[in-house]
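A.B. asks:
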Amino acid sequence: MFRFFASLVLGCAFLFAALINVLSTWQVVQSSVVVPGRVVALSAGGSHPQINFMTQEGEVISYPQEGFIYGMKVGQDVKVRYAKNRPLRSARIDAFGSIWATALAFTFIGACAILTAVSNWARKQESGNGRHEVLAKE
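Using this note's numbering, read the sequence shown as starting at 1 and increasing by one per residue.
(1) Is the beta carbon of glutamine 50 closer than 9 Å to that of leucine 42?
(2) With DSSP as the reference, label phenylalanine 68 as helix, strand or coil.
(3) Whole angstroms are fine: how far does the CA of methionine 1 sit from the CA of leucine 135?
(4) Between the Cα of isoleucine 109 and those of Leu19, Ala6 and Leu15, spot the shortest distance and give me the residue it belongs to.
(5) Am I right that alanine 95 and valine 80 are in contact with their C-beta atoms under 8 Å? What's the rounded C-beta distance?
(6) Helix, strand or coil, according to DSSP, for alanine 41 in the structure here?
(7) Within the region 71-136, note down every full beta strand (DSSP E) run reaching 3 residues or more, in order along the chain.
(8) Alpha carbon to alpha carbon, what distance is there between phenylalanine 68 and leucine 115?
(9) Since glutamine 30 is in the alpha helix (DSSP H), which residue starts that stretch and which ends it?
(10) I'd like the list of long-range same chain contacts for alanine 13, defined as Cβ closer than 8 Å, with 5 residues on each side in sequence excluded.
(11) Which residues mark the beginning and the end of the beta strand (DSSP E) in which glutamine 50 is found?
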């Protein structure tokens with residue numbers, strides 16, 4: 001029974017975190033601007049590029065990009081999405097994986113935990129019913 005409740009609580013927590021992340025990300029996507037940027041270095045292969053871009057106000061910003069992105073090359077042109085009020089903290093390559101990766105990961109983990117809880121509950125119910133039937137026959 002502990003596994004059921006632990007999985008259920010964990011799953012609900014991750015799904016709630018995913019919802020908060022989706023709402024926050026959606027707000028940033030709606031209010032952000034997109035500018036050209038360039039890959040200037042690779043920290044750990046093509047999935048961890050260092051990106052330079054210039055804000056609409058003329059400030060040059062360099063930041064390390066993370067997320068589900070692959071195959072970046074030094075010198076590659078990219079589109080960068082950022083919130084005007086906090087360009088360094090909000091900057092992301094304008095690609096599905098870099099923007100929505102956290103929400104997808106939280107949703108996947110939450111869904112797996114909920115499925116684990118449901119399967120534990122179903123298995124417990126089946127094994128419990130079987131024992132009662134055997135005891136009733138004796």
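Glycine included, each C-beta is placed from N, C-alpha and C at the ideal position.
C.D. replies: According to the structure shown:
(1) Here the question's residue 42 lines up with position 42 in the sequence shown. Here the question's residue 50 lines up with position 50 in the sequence shown. Yes, Cβ-Cβ distance for leucine 42 and glutamine 50 is below 9 Å.
(2) As a position in the sequence shown, residue 68 is number 68, starting the count at 1. Residue state for phenylalanine 68 is assigned as coil, using DSSP reduced to three classes.
(3) Here residue 135 refers to the residue found at position 135 when the sequence shown is read from its first residue. Here residue 1 refers to the residue found at position 1 when the sequence shown is read from its first residue. Summary for leucine 135: the model assigns pLDDT 47, below 50, so the residue's position carries little reliability, and this model does not support an answer.
(4) Position 109 of the sequence shown, counted from the first residue, corresponds to residue 109. The candidate whose alpha carbon is nearest that of isoleucine 109 is Leu15.
(5) Position 95 of the sequence shown, counted from the start, is the residue given in the question as residue 95. Position 80 of the sequence shown, counted from the start, is the residue given in the question as residue 80. Not really, about 10 Å apart at Cβ, beyond 8 Å.
(6) By one-based count along the sequence shown, residue 41 stands at place 41. Reduced to three states, the DSSP call for alanine 41 is strand.
(7) Those beta strand (DSSP E) runs which fall completely within the region 71-136 and span 3+ residues are 77-82.
(8) Here residue 115 refers to the residue found at position 115 of the sequence shown. Here residue 68 refers to the residue found at position 68 of the sequence shown. Those two C-alpha atoms are separated by around 25 Å.
(9) Residue numbering aside, residue 30 sits at position 30 when the sequence shown is read from its first letter. Looking at the DSSP string, the run of the alpha helix (DSSP H) that includes glutamine 30 is 2-31.
(10) Position 13 of the sequence shown, counted from the first residue, corresponds to residue 13. Counting only Cβ-Cβ distances below 8 Å, and skipping sequence neighbours, we find Gly110.
(11) Position 50 of the sequence shown, counted from the first residue, corresponds to residue 50. Start and end: 49-54.
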